[in-house]
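A.B. asks: Number 1232 in our numbering belongs to position 20 of the sequence shown; there are no gaps in the numbering.
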Amino acid sequence: MVELFEKLMVSGLGALALSKSKAEELLTELKEKYRLSEDEGKALMEKLQTMAQQGKDNIAEIVENEVKKAIRAAGMVTREEYELLEKRVADLERRVLALAEADDPEE
1213 MVELFEKLMV
1223 SGLGALALSK
1233 SKAEELLTEL
1243 KEKYRLSEDE
1253 GKALMEKLQT
1263 MAQQGKDNIA
1273 EIVENEVKKA
1283 IRAAGMVTRE
1293 EYELLEKRVA
1303 DLERRVLALA
1313 EADDPEE
């Protein structure tokens, strides 16, 4: 039974396409049609939620990687790289100012 549901998910419904209410609705239909016990239904719902979360995580990772590739291809820097450069520039400005003050005998 669980295998049938997994096949349904993979073959068309998609774990991410289901909202929680739609998943519960589908679960109710499957419980009635295939006479699943309450425990089987709960196990199926937990499996569905796990699959949906894994799908979301996988898509998020794929999107993040593709965005990074696009940023690199466009010759742009990431926010982290930008912030690191900002910090380095601020540090260099402090050093230049300190050197300028050390060389200026009037101060």
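Backbone N, C-alpha and C fix where the C-beta goes; we use that ideal spot for every residue, glycine too.
1. Here's a check: name, in chain order, each residue in its chain whose Cβ is nearer than 6 Å to the Cβ of L1248, leaving out the five neighbours to either side.
2. Touching or not, the region 1267-1278 and the region 1297-1304, by the rule of three or more beta carbon pairs under 8 Å?
3. Which value, in whole angstroms, describes the spacing of the CA atoms of K1281 and T1240?
4. Which of the three DSSP states is assigned to A1286 in this structure?
5. Taking the beta carbon of L1311 as the centre, do at least 16 other beta carbons fall within 10 Å, making it buried, or is it exposed?
6. What would DSSP say about D1303, mapped onto helix, strand or coil?
7. Nearer than 7 Å: is that true of the beta carbon of L1311 relative to any heavy atom of the ligand FMN?
8. Please report the straight-line C-alpha distance between V1262 and D1251, rounded to a whole angstrom.
9. Could you tell me whether the Cβ atoms of A1204 and L1260 are closer together than 8 Å?
C.D. replies: Quick look at the numbers:
1. Excluding its 5 nearest sequence neighbours in each direction, L1248 has no C-beta neighbour in its own chain below 6 Å.
2. Contact fails: fewer than three Cβ-Cβ distances are below 8 Å.
3. One alpha carbon belongs to K1281, the other to T1240, and they sit about 43 Å apart.
4. Reduced to three states, the DSSP call for A1286 is coil.
5. With fewer than 16 other beta carbons inside 10 angstroms of its own, L1311 counts as exposed.
6. Assignment of D1303 by DSSP, reduced to helix, strand and coil, places it in the helix class.
7. This structure lacks the ligand FMN; in fact it carries no ligand of any kind.
8. In the sequence as displayed, the identity of residue 1262 is Thr instead of Val. In a straight line, the C-alpha of T1262 is about 16 Å away from that of D1251.
9. This structure cannot settle anything about residue 1204, because the visible part of the chain is limited to 1213 through 1319.
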